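For the protein sequence lines, the chains are Y and E, in the order given.
So the first sequence is numbered by our numbering: it starts at 98 and just counts up by one.
So the second sequence is numbered by our numbering: it starts at 239 and just counts up by one.
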Amino acid sequence: MAQFVQTLALGLLIGGVYALMASGLTLIFGVMRVINVAQGAFLVLSAFVTWWVWRATGIDPIALAALTTPLMFGLGWAFYRLVGARLRSAPPSMSVLLMFGVALLIEGLLNVTAGNRFRSATPGYFDESYTLGPISLPKAPLYGFLAALAVLAVFYAVLDHTWTGRAIRAWAQNPSGAALVGVSAVPTATLAFALGTASAGMGGSVLSVLVPFFPASHYEWIARILGIIVLGGLGSLPGALTGALILGLAESLTSVYVSPQWSILVFYGVIMAVLIVRPQGLFGTRVREDVAA
Amino acid sequence: MLTLDGVVAGYGGGDVLHEVSLSCPPATVTCLIGPNGAGKSTVLRVISGLLNPRRGEVLLDGVLLSGLSPRDILRHGIVQVPQSQALFPKMTVAENVLMGGYLLRKDRALLRARRAAVEELVPLVRERASEPAGNLSGGQRRMVEIGRCLMLEPKVVMMDEPSLGLDPHSLAAVAALIERIHRSGATVLLVEQNVRVGLGLATHGVVMEGGRIRLTGKAAEIAAHPDIGQLYLGAPTTGGQ
C-alpha cells in the first residue's frame with residue numbers, strides 16, 4: 098500500500114511539471130491556432146542555459162528559473178514581434194514550418210556550443226528524499242512540482258483576473274468578437290506567445306534537474322507535451338492540467354508495476370484510448386465545420 | 239453625421255461596394271436593406287475598420303475614419319453588433335459585458351457606472367451575470383451583445399441582422415432595446431433582411447443592390463415605394479398584372 102501511495106505521489110509530482118510545460122503550448126495554440134513545434138526546443142534551450150549557469154556559479158538550478166523565465170519571455174516576445182507576427186495572415190502550415198525551422202536552429206546551435214552529449218544539473222539534494230512515514234518523496238521532483246505549481250497559479254491568476262488575461266481568453270474564444278471590443282491582434286498574440294515561451298523557460302530549469310537532456314531531446318519533449326494537450330483538448334488550460342496529471346500517473350504506475358520500458362508506450366496508449374472515445378480531447382469542444390468561425 | 243463618400247471596397251481581387259455614398263443623420267435609425275450579396279454587411283465592415291476601403295472616405299462629424307484600426311474607430315464612438323456570434327462563449331455574461339469596456343479599463347469608476355447603466359437597460363445582464371455566455375439562447379445572446387457594445391456609450395451603433403433567428407418574443411425585446419438606444423440620442427445603422435421589421439424600426443431607409451445604392455429616403459417612403467413593396471414586402475405590383 099505504501100508503495101502504491103508513493104507511486105501516486107511521484108506520478109502527481111511529475112504530472113505537475115508536465116502541466117507547466119503543456120500549459121504554455123496550449124495557450125499559444127488557443128490564441129494563435131498554431132502548434133508551436135519549437136516549444137520542446139525552447140524547453141531544452143532553457144535547460145542548457147540553466148545547466149551552464151549552475152555549473153559556472155553553483156546557483157540552485159530550480160531557483161535559476163527566476164532567470165530563465167524572464168529570459169525566455171523576452172526571447173518569445175522579440176521573436177513573435179520580429180518574425181511570428183509577419184505570418185499572422187499566412188496559412189497555419191507556414192507558421193508550423195517556421196517553428197520547425199526554429200527548433201532545428203536551436204538544436205544546431207546547442208550541438209555546436211554544448212556538444213551532442215547528455216547533460217544534467219545535479220544540485221546537492223539531487224538524490225535526497227523527504228520521508229513521511231512509509232513514503233519517501235525525492236526532493237528534486239518535489240521542488241520542481243512546487244515551482245511548477247507556483248508558476249501555474251500565477252499563470253491562471255493572470256488569465257482569470259487581469260485585463261491582459263481577459264484579452265487573451267477573449268481572442269482565443271472569438272478573435273473577431275475581441276477585435277470588435279478593441280483588443281488588438283498583434284500585442285495579444287505576442288503576449289500569449291511570450292507567456293508560452295516563459296513557461297518553457299521555467300519548465301527547462303526544472304527539466305535540467307529531473308531528466309538528462311541533450312540538444313535533440315526536444316523531439317521527445319514536443320511529442321510528450323503535444324500528446325498532453327491533445328489529450329486535454331487543444332487550447333484548453335484545464336485540459337492541459339488534467340491531461341498532464343493523468344499521464345504523469347499512468348507513466349509512474351506503469352514504471353513501478355510493469356516496467357519502466359513500458360511507461361512511454363502506456364503514455365501514448367492512454368492518449369489513443371481517450372481520443373477513440375473523445376476525439377476532441379477531455380476538455381475540447383466539437384464544432385460544426387459549417388458554423389465554425 | 240456618419241457619412242460614406244464614394245466608397246469602393248471588396249475582398250481578394252473583386253470589389254463588393256461600388257462608389258457607395260450614404261449619410262446617417264445624428265439620432266436617427268437608418269436601415270440598410272437589399273438582397274443577399276448586395277454589400278450591406280460589407281458597408282458595416284468598412285465603417286468599423288474591419289475592411290479598409292480601396293477608394294472613398296468614411297467620416298463621422300467631418301472626421302476621417304477610413305484607414306483607422308477597429309480599435310481607433312471604437313474610440314471615435316462607433317460600435318458594431320455583428321451578424322454572427324460575437325460573444326466569448328466560455329466567459330460569463332458579466333465578463334462579456336465588461337469586455338465591452340476594454341478601452342476604458344483604466345477607469346474603474348467609469349466602468350462600474352457604465353455596467354450599472356447597461357444592467358438597467360438590459361436586466362438579463364444582471365440576472366444571468368455568472369453564467370457562461372455560451373449557455374444563453376440566441377435572443378439572450380443578442381441582448382448581451384447589444385448590452386456589451388453600450389459599455390462605450392457609443393455615438394453610432396451598427397447592427398447586422400439583429401432579428402436573425404429570433405423568436406417573436408425575443409425580436410420584440412431586441413426591437414424595444416433598439417428603440418431605447420435611439421431615444422437615448424445615439425445614431426443606429428441597421429442591416430436587415432427582414433425588411434418589414436427593419437423599416438418598422440427605422441426612421442430612414444437605404445436600398446442596396448449589387449454593391450450600389452439604389453434608393454434612399456425616409457423609412458415610410460421606402461416602405462411605400464412600389465418597387466420595394468413588390469420586391470421585399472410581397473405587395474402586389476402596381477400594374478395589376
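The beta-carbon is built from N, C-alpha and C at its ideal position, and this holds for glycine as well.
Please read all numbers here as calculations on a predicted model, not as lab measurements.
Residue i: contacting residues in chain Y (beta-carbon distance under 8 Å)
i	result
E:L325	N271, G274
E:K328	R266, Q270
E:R343	W260
Neighbourhood of residue i by C-beta distance below 8 Å, restricted to the same chain and skipping five residues each side
i	result
Y:R214	F311
E:S368	T330, V331, A332
Y:G336	T123, I326, L328, G329, G330, G378, L379, F380, G381
Y:I232	A99, V102, Q103, A106
E:K456	T441, H442, G443
Y:T354	In the sequence as displayed, the identity of residue 354 of chain Y is Tyr instead of Thr. Around Y:Y354: T104.
E:G252	none
Under 9 Å by beta carbon: chain E residues contacting residue i
i	result
Y:R216	Within chain E, no residue comes near Y:R216; the closest Cβ sits about 41 Å away, beyond 9 Å.
Y:S281	S307, P308, R309
Under 7 Å by beta carbon: chain E residues contacting residue i
i	result
Y:V128	Correct list: empty, because the minimum Cβ distance to chain E is about 13 Å.
Other residues of its chain near residue i: CB distance less than 7 Å, five sequence neighbours each side excluded
i	result
Y:G173	F290, A291, G293, T294, A295
Y:A218	T147, W148, W151, P158, S305, V306
E:V335	R353, V356, V363, V382, G385, R386, M389
E:E391	R352
E:V254	A247, G248, G277, T280, G449
Y:G332	T123, F126, G127, A269
E:E430	C269, I271, E399, S401, G436
Interface residues of chain Y facing residue i [CB-CB closer than 9 Å]
i	result
E:P320	S273, G274, L277
E:G340	In the sequence as presented, Gly is not what sits at residue 340 of chain E; that position holds Tyr. Neighbours of E:Y340 on chain Y, chain order: W260, R263, A264, A267, A275, V278, G279, V280.
Same chain, Cβ closer than 6 Å to residue i, neighbours up to 5 away in sequence not counted
i	result
Y:S192	V131, L184
Y:M98	none
E:I466	I460
E:V394	L240, I316, T425
E:L428	C269, M397, G436
Y:G121	G293, S296, A297
Endpoints, the beta strand (DSSP E) within which residue i is located
i	result
Y:Y222	Looking at the DSSP string, Y:Y222 is not in any beta strand (DSSP E), and its letter there is neither H nor E.
E:D345	Premise fails: E:D345 is in no beta strand (DSSP E) and is neither H nor E.
E:V319	316-319
E:V246	240-247
Y:L350	Run containing Y:L350: none in the beta strand (DSSP E); it sits in the alpha helix (DSSP H), 334-354.
E:E399	Per DSSP, E:E399 belongs to no beta strand (DSSP E) and is neither H nor E.
E:K456	450-456
E:I271	267-271
E:E257	255-262
Closer than 7 Å at the beta carbon, the chain Y residues around residue i
i	result
E:M337	R263, A267, V278
E:L312	G279
E:E333	R263
Start-to-end residues for the alpha helix (DSSP H) that takes in residue i
i	result
E:P406	406-421
Y:D257	236-258
Y:M191	189-211
Y:H315	315-329
E:R293	Segment 293-298 is the beta strand (DSSP E) holding E:R293; no alpha helix (DSSP H) there.
Y:L164	162-179
E:M446	Per DSSP, E:M446 belongs to no alpha helix (DSSP H); it is in the beta strand (DSSP E), 442-447.
**Message:** If contact is defined by three or more beta carbon pairs under 8 Å, each pair taking one atom from either stretch, is the stretch 137-145 of chain Y in contact with the stretch 250-266 of chain Y?
**Reply:** no
**Asked** Do the stretch 278-288 of chain E and the stretch 337-345 of chain E meet, that is, are 3 or more Cβ pairs less than 8 Å apart?
**Response** As far as the Cβ criterion goes, the stretch 278-288 of chain E does not touch the stretch 337-345 of chain E, which means the pair count is below three.
**Asked** Taking Cβ-Cβ distances below 9 Å as the criterion, which residues of the stretch 378-401 of chain E are in contact with chain Y?
**Response** Taking 9 Å as the Cβ-Cβ cut-off against chain Y, the residues of the stretch 378-401 of chain E that qualify are E383, R386, C387, M389, L390.
**Prompt:** Counting Cβ pairs closer than 8 Å, one from the stretch 316-324 of chain E and one from the stretch 259-275 of chain E, do we hit at least three?
**Reply:** no
**Item:** Near-chain E residues of the stretch 254-270 of chain Y (beta-carbon distance less than 8 Å), N- to C-terminal order
**Value:** W260, R263, A264, R266, A267, Q270
**Message:** Within 8 Å, do at least three Cβ pairs link the stretch 152-172 of chain Y to the stretch 316-335 of chain Y?
**Reply:** no
**Asked** Do the stretch 103-117 of chain Y and the stretch 341-350 of chain Y touch if we need at least three Cβ pairs shorter than 8 Å?
**Response** yes
**Message:** With three or more C-beta pairs closer than 8 Å as the rule, is the stretch 112-132 of chain Y touching the stretch 240-249 of chain Y?
**Reply:** yes
**Request:** Give the residues from the stretch 280-300 of chain E that approach chain Y closer than 8 Å (Cβ to any Cβ), ordered along the chain.
**Result:** S286, L288
**Item:** the stretch 347-358 of chain E touching the stretch 402-414 of chain E, judged by at least three CB pairs closer than 8 Å
**Value:** no
**Asked** If we count Cβ pairs, one from each stretch, closer than 8 Å, do we get three or more for the stretch 287-298 of chain E versus the stretch 443-451 of chain E?
**Response** no
**Prompt:** Looking at C-beta atoms only, is the number of pairs between the stretch 246-258 of chain Y and the stretch 219-231 of chain Y that lie closer than 8 Å three or more?
**Reply:** no
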